[in-house]
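These notes concern the structure reproduced below.
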Amino acid sequence: MSREPAMVTRNRQAAEAGDAVAQFNLGNMYRIGYQLEQDTDQAIHWLTLAARQGNADAIQVLKSLAPEALAEPDAALVAPEGGLGPLAPPIPEPDPLQTGDSPPDPDELRPQAEAGDPAAQVTLGNAYRHGWGVAADPVLALHWYARAAGQKDAAGQFAVGLMHELGLAGEASDTDAIAWYTEAALQGYAPAQFNLGNMILAGRGTASDPALAAQWFERAANQGDVSARFALAALLEVGKGVAQDEPRAAELYAQAAEAGDADAQFNLSNMLRQGRGVDVDAIAAAHFCHRAAEQGLASAQVNYGLMLATCSGVPRNEVDAARWFRRAAEQNDAHGAYLLSVVLRHGRGVAADPAQAIDWLRRAAEGGHKQAKVELAEALERARKAEPRP
Amino acid sequence: MSGRNTAFEIQVLKDKNWVIQEIRPDEAAATAFADSLLQKGNLTAVRVVRTYLRQDGSQSETVLLEKSGDGKVKTDLSLTQVQDAPVCRELDDFYSLAARLTVGRMARKYLDELVLTPTELLHLPGELKRFGDKDRLLMTAVDLAAGLQAKQTGEESKVRRDFLFTMWEKIFARARNTSGIKLPEAKTLAALQKLAPGAGEERSFQLRTLMSRRLVEVRSWLGKLDLLLEWAAEPKVGDDITLIDGVIADLMIPAQVLQDVMGFQSNLGTALCSIADLALGRAQAAKFAPSCFVPLNDLFATERLPQARQVLLNRVTRELRGTNPLSRNEPGQEYEMFNKLVHHMVGDLGLLGGPAMAEAMVTRYGAMVRVNGQDSTLRAIEGLLGVLCDSCRRVHLLVSLGEVGMPAELLELLKVQVTGSDHINFWVPVKVPPRDRMVAMTVTHGVLASSSVPNPPRDSLAQCLDEVLTRYLVDEGVIEKIDKADDPLAMRAIRLIKFCGSGVLIRGKSLDLARSRIIEHLRQPQFEEKFLASSGDPSSGEKNLREFHRLLREVGFA
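As you go down the protein sequences, you meet chains A and B in turn.
FYI, in the working numbering the residues of the first sequence are 695 to 1084.
FYI, in the working numbering the residues of the second sequence are 116 to 673.
In structure tokens form, the structure reads like this:
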């Protein structure tokens, strides 16, 4: 049997590891029979995997393939008789909707920006900052933001403040950032009000003043700024800089949670579970916790795993619980690692695996988990005693 | 005509949109400018539009002149690959919504270029001829459709192709036969209706042809929509609203028209939620939405546009099944946008868009969380169930997915879902008002009981919902709250019987529980005397008693 060309092997390994570009390359090689035998099924398989990850080239190639070919089932993924089988791949829409989040065209913006339109200047600055349609260039981004800011444009002032705060086009400067944020915030620009509140709360570029921070959060929150709603709720929940007001905190968390803020979903979930500021509602608590967990918040993943393990607001499901503990643990969450070690030790929802259990217990201990440290010490002691004496 | 309220816009065609290039106060200057633009070249087309501002603030537009450029910009009119084509057997099938949807999607570029709906194309001999003569469009379209249809019918592609060509000739001949009628001056629907007397499909065809001839004069999508909405608002529209619905459905097929109608939408997820809202007639006009948005939404709200609704939901389904991100600018919000969209499409009272929508949601979820392998569909469904916030929604999803056949894994998921949700709080969120919670339970019970889920276990599963609702009625003292001991007997009895007949209770244990309370009242000695005595004055007492007996019969006591 002849060996596969190195180029194919390299792409195959990367494709199998989930690399979208490699999946596209491999699919294309199969499609045109380059370096390996032409195989439409394999081509569609790899192109579909790449397309699922949003690879535009793969989507384009899939579009161009004949519908007959697309309709053919992937040989490797044939459904078992009568069962649900493998998932149908997404089908690119040939006449897709264009919406407001389509990336701007820098070439179209430039004449307007040059002519002094501050909105175009900020958008062009964003294009340079994020590399939309042009090579990313933070210095040019700052240039266009500064031109808008020079015209007292609030979005421009905010953007300049952000560049200074994050040090994206030079050395970071809290003092400059706070000055620009203040300019924009005074004009009523909500994102600037929120960022200003955050800097004041953290005492960056100015003395820490939670009461003043709360005022800025309040102003931004009243304009619907989701992050500000969360930040204000967090202060109200513990009574920092403002009088403690759990019902209002829960209300603000709920608003931010519905708008998709993962931290707000997690905190609201806790309040619903504990009945703080709201009536106890374990099912709603589980729902919000799940949403935060799905967004990747490790602490929510741990809590949701615990809810599944203890049947709190959701039916008991130890397999899923173990899966969520693992997701948190893989994000270096010490509590998640500890809980994963527990389920691995006892074989709850996963096959028992003492070696892996110890491994995760060690990671939890290294992450500072107190109980893990104690149990790890005990386990090591047991192991030491069990060793035969020389 | 010129004057203070009249202006002449010179518009040029850029990327399928007419863009104002210049405004001149008189027609001659506008025409001269338009000609000079064309002579410079590089333009696809230019036109002069007279705009007139009426005293009430509304504006009318008339296209005075339209000229094509020298064709330096070659327009791509090629057909779009579609995934399916419904099988047409009779001539009338070619005018059906499914067929027009296929034509609308397949010949999208061609129709966009000519600003033509599938209805206009199929009814106007001139347009049919133009399509037939254009390059190899007709041949390719027939080949493509025949290939897709032959897969469904098991015929040879060639047989199907010959059939489609024969039908094309018949469509052409039919269109030609009705082309002799002279259009009236008036542009109202009433004027067109007078030219198409009689009834039945032939009359519908005639009226559709007349409508098409009027519509083809309007060279913009929104202009056509405006005209259709004007016709729909005419007092004598009657059943002809169905024909108007058909053309509005055609107009909703291209993405461009939907974008124009919906106004600014921040991302795909938001746009799809808004489109679903429009389909139900509960959408809010977005920034930059045109004036036609409100009357269109009103027509959807009054359930007068079922075909257009189907097209909108078809669009949502296809975009959901597609690859474009729901939240392009904020990838971190992709899950949340999906969550929002899913809860928009699956409510406690049912799933919008049927099995196709349910499958599209599974596909999108699976692609989003990247499930792979032999059991990926099952895992995607399990994951999607976790996204939904309550069991009513989960049952709607599972029943819908199982509508075309219920594999064992799906049935198992349904069983686990139903039997594991032993309290109403699992079924409908606590924050939902009590009446709505009961309605959700009853509707979900009805959907499950009448579904294609095999029996057993269908009836026993449906019974579980009845038991949960019964337990809720008892735990919350719902009947006691309605049948307050301190209230007059007449009031209590009427309230109870209305509760039984309101449809909020499942016909089973929960309804029996409420009915048993009524029976208790009826069985007490001298019920009617006590009823009358509790009603206050005798005349209203008699009236209340008659009403009570009527309601008793209605609820099935008699």
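Cβ coordinates follow ideal geometry from the N, Cα and C atoms, glycine included.
Distance between residue j and residue i (C-alpha atoms, nearest Å)
{"i": "residue 397(B)", "j": "residue 413(B)", "result": "8 Å"}
{"i": "residue 897(A)", "j": "residue 903(A)", "result": "7 Å"}
{"i": "residue 789(A)", "j": "residue 374(B)", "result": "12 Å"}
{"i": "residue 612(B)", "j": "residue 546(B)", "result": "27 Å"}
{"i": "residue 990(A)", "j": "residue 860(A)", "result": "24 Å"}
{"i": "residue 132(B)", "j": "residue 162(B)", "result": "12 Å"}
{"i": "residue 325(B)", "j": "residue 292(B)", "result": "12 Å"}
{"i": "residue 338(B)", "j": "residue 129(B)", "result": "18 Å"}
{"i": "residue 811(A)", "j": "residue 842(A)", "result": "8 Å"}
{"i": "residue 158(B)", "j": "residue 240(B)", "result": "29 Å"}
{"i": "residue 555(B)", "j": "residue 643(B)", "result": "35 Å"}
{"i": "residue 368(B)", "j": "residue 217(B)", "result": "10 Å"}
{"i": "residue 699(A)", "j": "residue 795(A)", "result": "42 Å"}
{"i": "residue 726(B)", "j": "residue 582(B)", "result": "Past the edges of chain B, shown from 116 to 673, lies residue 726(B), and the structure says nothing about it."}
{"i": "residue 653(B)", "j": "residue 603(B)", "result": "14 Å"}
{"i": "residue 419(B)", "j": "residue 359(B)", "result": "10 Å"}
{"i": "residue 744(A)", "j": "residue 880(A)", "result": "47 Å"}
{"i": "residue 986(A)", "j": "residue 572(B)", "result": "35 Å"}
{"i": "residue 518(B)", "j": "residue 995(A)", "result": "34 Å"}
{"i": "residue 585(B)", "j": "residue 964(A)", "result": "31 Å"}
Residues near residue i by beta carbon distance below 6 Å, same chain, minus five either side
{"i": "residue 296(B)", "result": "310"}
{"i": "residue 1062(A)", "result": "1028"}
{"i": "residue 1043(A)", "result": "1012, 1013, 1015, 1016 and 1037"}
{"i": "residue 961(A)", "result": "947"}
{"i": "residue 656(B)", "result": "647 and 650"}
{"i": "residue 671(B)", "result": "none"}
Short Cβ contact (7 Å threshold) for residue i with residue j
{"i": "residue 387(B)", "j": "residue 431(B)", "result": "yes"}
{"i": "residue 832(A)", "j": "residue 863(A)", "result": "yes"}
{"i": "residue 233(B)", "j": "residue 392(B)", "result": "no"}
{"i": "residue 435(B)", "j": "residue 471(B)", "result": "no"}
{"i": "residue 907(A)", "j": "residue 894(A)", "result": "yes"}
{"i": "residue 1008(A)", "j": "residue 1002(A)", "result": "yes"}
{"i": "residue 532(B)", "j": "residue 506(B)", "result": "yes"}
{"i": "residue 509(B)", "j": "residue 500(B)", "result": "yes"}
{"i": "residue 122(B)", "j": "residue 177(B)", "result": "no"}
{"i": "residue 793(A)", "j": "residue 487(B)", "result": "no"}
{"i": "residue 956(A)", "j": "residue 992(A)", "result": "no"}
{"i": "residue 222(B)", "j": "residue 263(B)", "result": "no"}
{"i": "residue 926(A)", "j": "residue 915(A)", "result": "yes"}
{"i": "residue 305(B)", "j": "residue 351(B)", "result": "yes"}
{"i": "residue 924(A)", "j": "residue 978(A)", "result": "no"}
{"i": "residue 835(A)", "j": "residue 828(A)", "result": "no"}
Other residues of its chain near residue i: CB distance less than 7 Å, five sequence neighbours each side excluded
{"i": "residue 659(B)", "result": "605, 609 and 650"}
{"i": "residue 935(A)", "result": "904, 905, 907, 908 and 929"}
{"i": "residue 468(B)", "result": "428, 431, 432 and 460"}
{"i": "residue 1056(A)", "result": "1070"}
{"i": "residue 913(A)", "result": "887"}
{"i": "residue 514(B)", "result": "562, 563, 566 and 568"}
Beta-carbon contacts of residue i that lie in its chain and below 8 Å, excluding the five residues immediately before and after
{"i": "residue 425(B)", "result": "212 and 364"}
{"i": "residue 1004(A)", "result": "1010"}
{"i": "residue 919(A)", "result": "884, 885, 887 and 888"}
Problem - Segments assigned alpha helix (DSSP H), at least 4 residues, entirely inside the stretch 358-438 of chain B - result: Runs of the alpha helix (DSSP H) inside the stretch 358-438 of chain B: 370-377, 383-395, 408-416 and 421-436.
Handout entry: the stretch 590-616 of chain B: positions lying closer than 8 Å to chain A by Cβ
Key = Here the close residues number zero.
Problem - Interface residues of the stretch 792-807 of chain A facing chain B [CB-CB below 9 Å] - result: Taking 9 Å as the cut-off between beta carbons, the residues of the stretch 792-807 of chain A near chain B are 792, 793, 794, 795, 796 and 797, in sequence order.
Practice task
Name, going along the chain, the residues of the stretch 957-990 of chain A whose beta-carbon falls closer than 7 Å to a beta-carbon of chain B.
Solution key: Within the stretch 957-990 of chain A, contact with chain B at the beta-carbon level (separation under 7 Å) is assigned to 975, 977, 978, 981, 984, 985, 988 and 989.
Problem - Interface positions of the stretch 535-561 of chain B facing chain A (Cβ-Cβ less than 7 Å), listed along the chain - result: Cβ contacts with chain A: 535, 540, 541, 544 and 545.
Practice task
Please list the residues of the stretch 379-395 of chain B that have a C-beta atom closer than 7 Å to any C-beta atom in chain A, keeping them in chain order.
Solution key: Residues of the stretch 379-395 of chain B with a C-beta atom less than 7 Å from some C-beta of chain A are 379, 380, 381, 382, 383 and 386, listed in chain order.
Practice task
Any chance you could list the alpha helix (DSSP H) runs of at least 4 consecutive residues sitting entirely within the stretch 127-183 of chain B, in chain order?
Solution key: Whole alpha helix (DSSP H) segments, 4+ residues: 142-155.
Problem - Interface positions of the stretch 564-589 of chain B facing chain A (Cβ-Cβ less than 8 Å), listed along the chain - result: Hits within the stretch: zero.
Practice task
Taking a Cβ distance cut-off of 8 Å, strictly less, list which residues of the stretch 495-507 of chain B are near chain A, in chain order.
Solution key: Within the stretch 495-507 of chain B, the qualifying residues are 495, 496, 501, 502, 504 and 505.
Handout entry: Residue ranges of each alpha helix (DSSP H) within the stretch 979-1065 of chain A, 4 or longer
Key = The stretch 979-1065 of chain A contains these whole alpha helix (DSSP H) runs: 992-1004, 1012-1023, 1028-1040 and 1048-1060.
Handout entry: Within 7 Å of chain B by C-beta, residues of the stretch 939-956 of chain A in sequence order
Key = Cβ contacts with chain B come from 954.
Practice task
Entirely within the stretch 279-367 of chain B and at least 4 residues each: give me those alpha helix (DSSP H) ranges in chain order.
Solution key: Counting only runs of 4+ residues, the alpha helix (DSSP H) found wholly inside the stretch 279-367 of chain B occupies 304-310, 315-330, 336-347 and 356-366, in chain order.
Practice task
Give the residues from the stretch 414-439 of chain B that approach chain A closer than 7 Å (Cβ to any Cβ), ordered along the chain.
Solution key: Residues 433, 434, 436, 437, 438 and 439.
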